[in-house]
Amino acid sequence: MDTFALIVTVGVALFFTYTNGFHDSANAIATSVSTRALTPRAALAMAAVMNLLGAFLGSGVAKTVSEGLIETPEGSKGMGILFAALVGAIAWNLLTWYFGLPSSSSHALFGGMVGAALAGGITVYWDGVLQKIVLPMFISPVVGLIAGYLVMTAIMWIFRRANPHKAKRGFRIAQTVSAAGMALGHGLQDAQKTMGIVVMALVIADVEEYGDAIPVWVKVMCAVMLSLGTYAGGWRIMRTLGRKIIELDPPQGFAAETTGASIMFVTAFIFKAPISTTHVITSAIMGVGATKRVNAVRWGVAKNIILGWFITMPAAATVAAACYGLVHLVALL
């Protein structure tokens, strides 16, 4: 196996993790920043640290990504498929970041894997894609919407006799904890997805075998790159999540973050399912906002975001397939 191809593929995987960090940093901190619970730089620094810690909490999601979606390709063809999949995901991340659209880096990666595999004639495990990707893609936002609504309703009932100003001040402090939980869950989910890709590259290169523990250096590199990307910030998307869907106050921000973090921990530890942090926190914000009044949520913005969710996988798959075709063409020259 060409060592250079392995190094390039791992490097591109780490760059994808970096884009994932600055693309999805808004997931963890947009609500805390918009409610002024944290300053932007303090929020980004906290999120970077918690992302780093979250990456070391488990490996179930990484195994799902590396073993359950596509047949393990072999040789230079296999490395080309992984390279193309990552390029497709990176292209979609950069495009949606530019337009401030909170799409899913996770589903961009999965779409890239499927598109590159189909272009390369590799078997796609459609049952795995359906059960581990498509169903969670539909179920997690619904759970986030309902859970966000219920959590916020409970908070409103519990604190119905509290002094509004004191309550908001308390929830502003509490948001530092809920935002940290979101960032920890983001690290737990998203760093592992890249770990799974790097493990696939190492298996293709006969450096590792499936079933082996994820090498420590892989965990460290993926965690560090995700944290560096997080600290770089994603201001465009942060404005969309923090302000454009609904104007949040501290209790609403706390409810949305607590809901999102809880869903991510449950899915990672119990179901080992790679869900989108973007889908979860966005739907939780919508659910929380709906407790004020249904039309308090800017559903036009929400519609565009949801439309982006459905476009993400096929768009990334198309770019990845085209990229694989180009790589294959260059290899023949």
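Taking this note's numbering as reference, the numbering of the sequence shown is continuous, increasing by one, and the terminal residue is 334.
In this text, a Cβ means the ideal position worked out from N, Cα and C, and glycines have one as well.
Any idea what DSSP makes of residue i, helix, strand or coil?
i           : result
residue 215 : coil
residue 125 : strand
residue 156 : helix
residue 276 : coil
Go to residue i, then tell me how far its alpha helix (DSSP H) extends in each direction, as first and last residue.
i           : result
residue 1   : Given that the chain is displayed from residue 2 to residue 334, the structure contains no residue 1 and the question cannot be resolved.
residue 167 : 165-187
residue 42  : 41-55
residue 118 : 106-120
residue 266 : 251-267
residue 197 : 193-205
residue 135 : No alpha helix (DSSP H) holds residue 135; DSSP gives it neither H nor E.
residue 66  : 61-68
If contacts are defined as beta-carbon pairs under 8 Å, then residue i and residue j qualify, I think. What distance do you get, rounded to the angstrom?
i           : j           : result
residue 52  : residue 214 : Not confirmed; about 21 Å, so no contact.
residue 91  : residue 124 : Going by Cβ atoms, the distance from residue 91 to residue 124 rounds to 24 Å, so no, they are not a contact pair.
residue 66  : residue 194 : 5 Å
residue 257 : residue 113 : In fact, because the Cβ distance is near 29 Å, the residues do not count as touching under 8 Å.
residue 107 : residue 275 : 6 Å
residue 63  : residue 226 : That pair is no contact at about 15 Å.
residue 262 : residue 183 : 5 Å
residue 148 : residue 290 : So it is not a contact: roughly 14 Å between Cβ atoms.
residue 318 : residue 115 : 5 Å
residue 83  : residue 201 : 6 Å
residue 60  : residue 44  : Between residue 44 and residue 60 the Cβ distance is about 28 Å, and since that is not below 8 Å, they are no contact.
Quick check on the burial criterion: 16 or more other C-beta atoms within 10 angstroms. Buried or exposed for residue i?
i           : result
residue 17  : buried
residue 279 : buried
residue 128 : exposed
residue 210 : exposed
residue 310 : buried
residue 25  : buried
residue 166 : exposed
residue 158 : exposed
residue 133 : buried
residue 122 : exposed
residue 292 : buried
residue 173 : buried
residue 207 : exposed
residue 304 : exposed
residue 150 : buried
residue 99  : exposed
residue 93  : buried
residue 21  : buried
Quick one: does the C-beta of residue i sit closer than 6 Å to a heavy atom of the ligand ZN?
i           : result
residue 315 : You won't find the ligand ZN in this model; it holds no ligand whatsoever.
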